[in-house]
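In the order they appear, the protein sequences are chains G and A. Residue numbers for the first sequence follow the working numbering, beginning at 5 and rising by one. Residue numbers for the second sequence follow the working numbering, beginning at 5 and rising by one.
Protein chains: 2
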Amino acid sequence: MPRRYDPERRQRLIDAAITVVGERGIGALSHRAVAAAADVPLGSTTYHFATLDDLLVAALEQVSAEWVADMERWERDTAAEVPLAEAMTALVERLLEGDRKRLELEYELYVTALRRAPVRPIVAAYLDDTAALLVRRTGDLSAARGVVALFDGLLLQLLLTGRPFDRAAVRAAFERVTG
Amino acid sequence: MPRRYDPERRQRLIDAAITVVGERGIGALSHRAVAAAADVPLGSTTYHFATLDDLLVAALEQVSAEWVADMERWERDTAAEVPLAEAMTALVERLLEGDRKRLELEYELYVTALRRAPVRPIVAAYLDDTAALLVRRTGDLSAARGVVALFDGLLLQLLLTGRPFDRAAVRAAFERVTG
DNA sequence: CAACGCTGTGTACGCTCGTACGCATGGCAT
DNA sequence: ATGCCATGCGTACGAGCGTACACAGCGTTG
């Protein structure tokens, strides 16, 4: 294979890692899998990311940043008059209709943080950022955290059971917690 | 090693698997790790559980069953007059003071179910059983599911951030959702 | 009491993996 | 123009893994 000049190599490896993890789970992340997905030789991955944890952290940081940016966009685009419960319900519905693999990855990220210290700050930042975002609507930080908790719990339930999305039930739950 | 007659072998392997998974995570589960933890030869684990998934499912079924039994005991021992929000808050507090590894395992079980089909029924049963339990208090199934969602979301947040348990905030959240 | 079959044991094969390392190459600073 | 060093590439090593399998011992059934 001819040597290829590739100044974006590092970023492309991160993207490939996200693809691998999104499609096959964090457990399937390996230097080799990423190398194959990015179509680069094995040695290249170990050059840019000496250990597998480095690669995992870089990938999850990007996933998390994109997720938070998404939430910020959502908050900005939601009129202040819309009741929070309604907005949250619509958000859950939109997410479930979208890329489920991405949601699964998000929650895999959560649980990975439980066991792997280097991942903890990423999740902590996500939780803080999201709560800070919702404070604009709830006015109270504890309440915002409660909304995040309900949001995560409901999404997990819906993903796990595959139960059809019940707008009324979800909205009722959010109404109680945001009321 | 002399042959040992051991009619409880299978159960002891399951217990060993739970120990391994609890201490080092589901990713660390292997025939060899379980064999070492149970102090039996490798061949024995493959005899009782032909594939690793069989072993994982058996272990997680037991974990889940114990968990549900715990919840049932808790519900039975909580006087009907105690407001649900107060009871839930006390439960969360008790759990956080207890064995955190066990909680981590519980949520690892959740996320594992997202990717591994054989584990899904276990989690689905847990969710159904827990909601059925709480219906006795809420009277309404959707509301019960909402309580479970908030419960899981809050526990995850507290485990992940390591933030100190804030009884007032947790209770306020449950009070809102339990109306 | 015999033989069948369930249970227990040790070993081996083939695979994937993380990681290390030596060499090649060419962009860029000088 | 040139030389340096960041980057790219291929390979190799040792470890851990799932799984298969042949053989050994003993409880049970007839």
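Note that beta-carbon positions come from the ideal geometry of N, C-alpha and C, so glycine has one too.
Coarse secondary structure for residue i, derived from DSSP in three states
i         : result
Glu85(A)  : coil
Glu12(A)  : coil
Arg167(A) : coil
Gly157(G) : helix
Phe178(A) : helix
Leu122(A) : The question names Leu, yet the displayed sequence has Pro at residue 122(A). Helix at Pro122(A).
Leu33(A)  : coil
Val96(A)  : helix
Arg7(G)   : coil
Asp144(G) : coil
Asp19(A)  : helix
Gly150(A) : helix
Gly102(G) : coil
Gly183(G) : coil
Cβ-based neighbour list, residue i, same chain, cut-off 8 angstroms, excluding 5 preceding and 5 following
i         : result
Arg140(A) : Glu79
Gly96(G)  : Looking at the sequence itself, residue 96(G) is Val, so the reference to Gly does not match. So the list reads Phe155, Leu158, Leu159, Leu162, Phe169, Val174, once near-sequence residues are dropped.
Leu99(G)  : Leu107, Leu159
Arg167(G) : Gln161
Leu88(A)  : Leu138, Arg141, Thr142, Val151, Phe178, Thr182
Arg171(G) : Thr93, Glu97
Ile126(A) : Val61, Leu64, Glu65, Ser68, Leu113, Ala117
Residues near residue i by beta carbon distance below 7 angstroms, same chain, minus five either side
i         : result
Gly26(G)  : Lys105, Arg106, Leu109
Val38(G)  : Leu17, Ala20, Ala21, Val24, Thr49, Leu59
Arg36(G)  : Leu46
Ala42(A)  : Arg16, Leu17, Ala20
Glu76(A)  : Leu137
Leu145(G) : Ala135, Val139
Asp133(A) : Val72
Gly102(A) : none
Leu131(A) : Val152
Neighbourhood of residue i by C-beta, 6 angstroms cutoff - its chain only, sequence neighbours within 5 removed
i         : result
Gly150(G) : Val181
Phe53(A)  : Leu59
Pro2(G)   : Any property of residue 2(G) remains undetermined from this structure, which presents chain G solely from 5 to 183.
Thr142(A) : Ala148
Glu190(G) : Only positions 5 to 183 of chain G appear in the structure, and residue 190(G) is not among them; the question remains open.
Arg13(G)  : none
Arg120(A) : none
Inset, instruction - Check whether the segment 73-93 of chain G touches the segment 137-154 of chain G, counting contact only when three or more Cβ pairs, one atom from each stretch, lie closer than 8 angstroms. - result: yes
Legend entry - Segment contact flag, the segment 55-71 of chain A with the segment 28-38 of chain A, C-beta cutoff 8 angstroms, min 3 pairs: yes
Inset, instruction - Could you tell me which uninterrupted beta strand (DSSP E) segments, each at least 3 residues in length, are contained entirely in the segment 33-64 of chain A, listed from first to last along the chain? - result: none
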